[in-house]
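Novice: First the structure, which I've put down as structure tokens, then a few questions once you've had a look.
Residue numbers (the working numbering), protein chains in the order written: chain A, 78 to 407; chain B, 190 to 454.
Structural data, given as structure tokens:
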């Protein structure tokens with residue numbers, strides 16, 4: 078059984094295609110991740126699935142309801158934690174939760190019980206009665222996560238749940254999300270943090286420029302690279318010949334170059350380093366550092382898009398700025 | 190049972206959602222003391238300075254030979270209604286700015302209920318503020334003639350308030366940030382106020398401007414307040430009520446219509 082089914086979903090803003098014919102299914106109870114750089118179309122996808130935006134074309138079902146014709150039913154079955162805070166700062170934490178619970182038409186008894194439960198889940202019980210304007214960023218996020226769960230949604234959307242939080246708070250939020258996924262709820266989260274997707278998600282869809290470029294469990298995605306990654310730091314050097322030579326060896330499964338590094342996908346990498354260094358010297362390449370690691374989702378992203386997620390964000394910002402300038406007539 | 194709750198929840202007018210929105214306004218109102226003082230300050234200054242300043246002057250053409258303070262108080266009450274109500278309507282913009290609008294918009298309740306709840310909350314707080322102004326004016330020597338007059342005045346307050354919350358909602362739905370707020374204050378709220386005859390009799394205006402002032406719905410609100418609080422009005426009370434109710438329905442429908450179409454970024 079699927080909690081979410083997405084078929085050829087597309088969103089265009091003017092001439093800009095934010096989401097381009099994406100299709101995927103999310104199983105009931107799954108913790109599903111949409112991983113990609115800022116501007117890849119993750120938030121737009123979430124907004125379409127949560128009925129905040131109408132898609133340009135395509136179809137999707139959430140909790141068995143159509144996002145095109147059964148918007149009210151969907152609103153009743155989902156919870157959302159937005160990227161930016163969506164709390165009333167002039168109310169206390171508990172009042173924000175009560176407000177939400179009443180809007181979702183919970184009876185008085187289940188409201189009380191449920192608010193107590195979710196406050197305990199995110200460890201805010203002792204802070205529940207102070208005004209939200211006095212909360213820290215992490216506390217606000219925790220309160221929002223609690224709020225998203227109050228009405229026992231079938232599907233919970235978390236849009237960049239740890240954006241802008243410090244490392245320690247992020248760890249905490251991760252724990253809450255893990256705990257939450259033990260409740261009977263399907264969670265779909267967007268993130269541009271590789272470790273987050275890796276640590277939390279049962280399956281991950283890697284999304285880039287509005288398209289899904291890969292979809293699998295984090296483990297399978299990493300294994301698909303076929304081996305470990307050796308990064309050679311060789312700033313500002315012509316390495317064409319060197320790369321050509323390396324490609325000749327059957328144990329080199331892949332080569333990619335990005336901002337002054339060559340990444341090699343290699344089986345039994347630790348045994349191959351001496352050989353690689355030897356080859357580098359023969360081609361008069363000055364290797365400044367060598368790094369051997371197990372592949373991460375970052376490497377998977379690099380593999381499928383040819384860029385690291387940071388480079389992608391930078392180039393996308395550049396494109397957006399150019400479009401902006403054109404629109405302003407400058 | 191659950192099915193019934195669900196049907197209730199989805200219908201156009203959802204009493205629980207209206208109540209929740211109202212309750213929220215009340216809680217915010219009680220906590221935002223500085224905001225209340227801020228919005229009441231201007232009508233109070235008008236009341237004090239105009240009232241005291243003109244109190245011993247005999248103004249020509251005062252309808253029914255009432256004193257200026259008696260003439261002024263209903264006008265200032267109307268002003269309070271206008272300012273607080275417009276502010277309540279436009280405060281959707283603040284919800285947008287602070288993100289809370291998204292939480293409201295994804296809730297499984299009809300937008301009409303959200304609008305009605307907001308209007309109920311805004312109208313309650315506005316009327317409370319109008320009554321505060323009325324109480325202060327009692328200290329300045331204003332006398333309310335009859336109890337029924339007071340009840341009628343409160344009815345006018347409610348009508349004025351609902352109308353201008355609706356107007357505020359229309360503006361708020363069309364604006365994407367709070368920068369247009371002062372524009373609206375300067376080019377909508379102040380002209381509406383000065384044209385309404387709140388601080389001087391409209392008969393004193395040149396004909397052209399006087400006819401423009403007849404297009405200002407607040408004119409009928411202020412006149413109705415004056416009629417109910419002093420017994421002297423330019424138009425019959427029933428005419429004032431009819432025009433205001435019409436304007437009120439129009440503003441609420443348009444406000445709901447535009448709010449329905451609001452996109453959340």
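For every residue, glycine included, the Cβ atom is placed at its ideal position computed from N, Cα and C.
For residue 318 of chain A, which of A/307, A/339, A/330 has the nearest alpha-carbon?
Specialist: With distances taken between Cα atoms, residue 318 of chain A lies closest to A/339.
Novice: Determine, for residue 287 of chain B, whether the minimum Cβ-Cβ distance to residues of chain A falls below 8 Å.
Specialist: Answer yes: the Cβ-Cβ gap between residue 287 of chain B and chain A drops below 8 Å somewhere.
Novice: How would you list, in chain order, the residues of chain B whose beta-carbon sits under 9 Å from the beta-carbon of residue 295 of chain A?
Specialist: Within 9 Å Cβ-Cβ: nothing; residue 295 of chain A doesn't reach chain B, min ~29 Å.
Novice: Is the segment 263–279 of chain B touching the segment 355–373 of chain B in the sense that three or more CB pairs, one from each, lie closer than 8 Å?
Specialist: In short, these stretches touch, since the Cβ pair count reaches three.
Novice: Starting from the C-beta of residue 364 of chain A, find all residues in its chain whose C-beta is less than 8 Å away, skip the five residues before and the five after it, and write them out in chain order.
Specialist: Same-chain partners within the cutoff: 309, 310, 311, 354, 357.
Novice: Nearest chain A C-beta to residue 449 of chain B closer than 8 Å, yes or no?
Specialist: By this cut-off, residue 449 of chain B is not an interface position.
Novice: State the DSSP-derived secondary structure class of residue 82 of chain A, mapped to helix, strand or coil.
Specialist: Residue state, collapsed to three classes: strand.
Novice: So, residue 405 of chain B versus residue 381 of chain B, is the Cβ gap smaller than 8 Å?
Specialist: In contact: residue 405 of chain B and residue 381 of chain B (Cβ atoms closer than 8 Å).
Novice: Would you mind telling me which residues of chain A sit closer than 8 Å to residue 294 of chain B, beta carbon to beta carbon, in chain order?
Specialist: Result: 129.
Novice: Using DSSP with H/G/I as helix, E/B as strand and the rest coil, what is residue 367 of chain A?
Specialist: Three-state DSSP puts residue 367 of chain A in a strand.
Novice: Please report whether the beta-carbon of residue 163 of chain A lies at a distance below 8 Å from any beta-carbon of chain B.
Specialist: Yes, its Cβ sits closer than 8 Å to a Cβ of chain B.
Novice: Less than 8 Å between CB atoms is the rule here; does residue 152 of chain A satisfy it with respect to chain B?
Specialist: Yes, contact with chain B.
Novice: So what does DSSP say about residue 335 of chain A, is it helix, strand or coil?
Specialist: Of the three classes helix, strand and coil, the one that applies to residue 335 of chain A here is strand, per DSSP.
Novice: Give a yes or no on whether the minimum CB-CB distance between residue 445 of chain B and chain A is below 8 Å.
Specialist: So no, residue 445 of chain B is outside the interface.
Novice: Can you give me the C-alpha to C-alpha distance between residue 212 of chain A and residue 195 of chain A, rounded to a whole angstrom?
Specialist: The alpha-carbon atoms of residue 212 of chain A and residue 195 of chain A are separated by roughly 17 Å.
Novice: In this structure, does DSSP put residue 299 of chain B in helix, strand or coil?
Specialist: The answer is coil: DSSP assigns residue 299 of chain B none of H, G, I, E or B.
Novice: Using a Cβ-Cβ distance cut-off of 8 Å, determine whether residue 397 of chain B contacts chain A.
Specialist: Closer than 8 Å: no.
Novice: Using the Cα positions of residue 369 of chain A and residue 280 of chain A, report the straight-line distance between them to the nearest angstrom.
Specialist: Approximately 26 Å, taken between the alpha carbons.
Novice: Could you check where the alpha helix (DSSP H) with residue 291 of chain A kicks off and where it finishes?
Specialist: That residue, residue 291 of chain A, is in no alpha helix (DSSP H); its beta strand (DSSP E) goes 288–293.
Novice: What span of residues does the beta strand (DSSP E) with residue 139 of chain A cover, start to end?
Specialist: First-last of the beta strand (DSSP E) with residue 139 of chain A: 134–139.
Novice: Provide the residue span of the beta strand (DSSP E) that contains residue 310 of chain A, from first to last.
Specialist: 305–310 is the extent of the beta strand (DSSP E) around residue 310 of chain A.
Novice: Report yes if the C-beta distance between residue 330 of chain A and residue 321 of chain A is below 8 Å; otherwise report no.
Specialist: No, these two residues do not count as a Cβ contact at 8 Å.
Novice: In the DSSP assignment, find the unbroken alpha helix (DSSP H) run with residue 399 of chain B in it and report its ends.
Specialist: 396–402 is the span of the alpha helix (DSSP H), which, as asked, contains residue 399 of chain B.
Novice: What distance in whole Å lies between the Cβ atoms of residue 201 of chain B and residue 301 of chain B, which are believed to be in contact at a cut-off of 8 Å?
Specialist: That belief holds up - the Cβ atoms of residue 301 of chain B and residue 201 of chain B are roughly 5 Å apart, short of 8 Å.
Novice: When you compare only the Cα positions, how much space is there between residue 191 of chain A and residue 378 of chain B?
Specialist: Whole-angstrom Cα-Cα distance: 45 Å.
Novice: Hey, does residue 347 of chain B have any beta-carbon neighbour from chain A nearer than 8 Å?
Specialist: By this cut-off, residue 347 of chain B is not an interface position.
Novice: Give the interface partners of residue 221 of chain B over in chain A, defined as CB-CB distance under 8 Å, in chain order.
Specialist: The answer, in chain order, is 167.
Novice: Can residue 292 of chain A and residue 277 of chain A be called in contact, C-beta distance under 8 Å?
Specialist: No, these two residues do not count as a Cβ contact at 8 Å.
Novice: Identify every run of the alpha helix (DSSP H) within the segment 81–164 of chain A, keeping only runs that are complete inside it and at least 4 residues long; order them along the chain.
Specialist: DSSP runs (the alpha helix (DSSP H)) wholly in the segment 81–164 of chain A: 119–126, 148–154.
Novice: So which of B/269, B/306, B/408, B/335 has the shortest CA-CA distance to residue 320 of chain B?
Specialist: Among B/269, B/306, B/408, B/335, the Cα nearest to that of residue 320 of chain B is on B/269.
Novice: Since residue 209 of chain B meets chain A, which of its residues come closer than 8 Å, beta carbon to beta carbon?
Specialist: Those are 176, 179, 180, listed as they occur along chain A.
Novice: Classify residue 406 of chain A as buried or exposed, calling it buried when 16 or more other Cβ atoms lie within 10 Å of its own Cβ.
Specialist: Caution is warranted here: a pLDDT of 45 is assigned to residue 406 of chain A, below 50, making its placement in the model unreliable, and no coordinate value can be reported.
Novice: Just to confirm before moving on: does the CB-CB distance between residue 395 of chain B and residue 322 of chain B stay below 8 Å?
Specialist: No, these two residues do not count as a Cβ contact at 8 Å.
Novice: Could you tell me the distance, in whole angstroms, from the CA atom of residue 258 of chain B to the CA atom of residue 392 of chain B?
Specialist: Approximately 18 Å between the Cα atoms of the pair.
Novice: Using a threshold of 8 Å, state whether the C-beta atoms of residue 433 of chain B and residue 410 of chain B are closer than that.
Specialist: The answer is yes: Cβ separation under 8 Å.
Novice: If contact means a Cβ-Cβ distance below 7 Å, which residues of the segment 81–115 of chain A contact chain B?
Specialist: If the cut-off is 7 Å between Cβ atoms, the segment 81–115 of chain A has nothing near chain B.
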